[in-house]
Amino acid sequence: MLKKLLVSSVCLACFSLSNFANASIEDDLANICAIVKADDKGELRKKMRTVQSNYSIKLRDYYGGISCGDKSLIRVAILNNAVEAGTLLVKKMPKKSLAQPEADGQTLLAWINEQGLSDNPVALVVKDRM
153 MLKKLLVSSV CLACFSLSNF ANASIEDDLA NICAIVKADD KGELRKKMRT
203 VQSNYSIKLR DYYGGISCGD KSLIRVAILN NAVEAGTLLV KKMPKKSLAQ
253 PEADGQTLLA WINEQGLSDN PVALVVKDRM
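Quick note, the sequence shown lines up with residues 153 to 282 if you use my numbering.
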């Protein structure tokens, strides 16, 4: 009986820690859209380092899962003229990932051209990187 109780307690503790870890990463990424919109490169860099050191997750691993409204982080940077934050995001993303279609099925370059944002400084960094 004591053994069953001990096993049940350990399982419950593991489940609780697992849920806590998921909540923590969501909390750590919660205000990343606001950071990008504010063009706070230092805070963005700090947030990316925290997530990487705490969860061993790089930007390319969580980039697709973050949506600011219905836009990706780089699209938000372009629309908000967040040159510093947008440039950092573009440089940290693998070239291969930048060329892949986003949630709406369009690639970043196709979206930039469609929106008429080819002269935006972040868009120019994207083009140079590709």
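Even for Gly, the Cβ is constructed at its ideal location relative to N, Cα and C. Keep in mind that this is a model prediction, so the values were computed, not measured.
Between N232 and K189 a beta carbon distance of about 5 Å is seen, short of the 8 Å cut, so the two are scored as contacting. A check of alpha carbon separations from T259 across I226, A234, K210 identifies I226 as the nearest. Going by DSSP, S208 is part of no alpha helix (DSSP H) at all; its letter is neither H nor E. For the set I230, Q252, M282, M245, the Cα lying nearest the Cα of I264 is the one of I230.
Within the same chain, Cβ atoms closer than 7 Å to the Cβ of A275 are found at I230, I264, L269, the five residues on either side in sequence being excluded. Within the same chain, Cβ atoms closer than 8 Å to the Cβ of P273 are found at N233, V235, G238, T239, the five residues on either side in sequence being excluded. Between the alpha carbons of E266 and C185 lies a distance of about 23 Å.
Check the Cα spacing between E254 and each of D179, V203, I187, K223: the tightest is with K223. Just so you know, the alpha carbons of S176 and S219 end up roughly 18 Å apart. With fewer than 16 other beta carbons inside 10 angstroms of its own, M282 counts as exposed. Contact check for I187 and L196: beta-carbon distance about 5 Å, within the 8 Å limit, so the pair qualifies. Closest by C-alpha distance to L250, out of Y215, D271, G221, is Y215.
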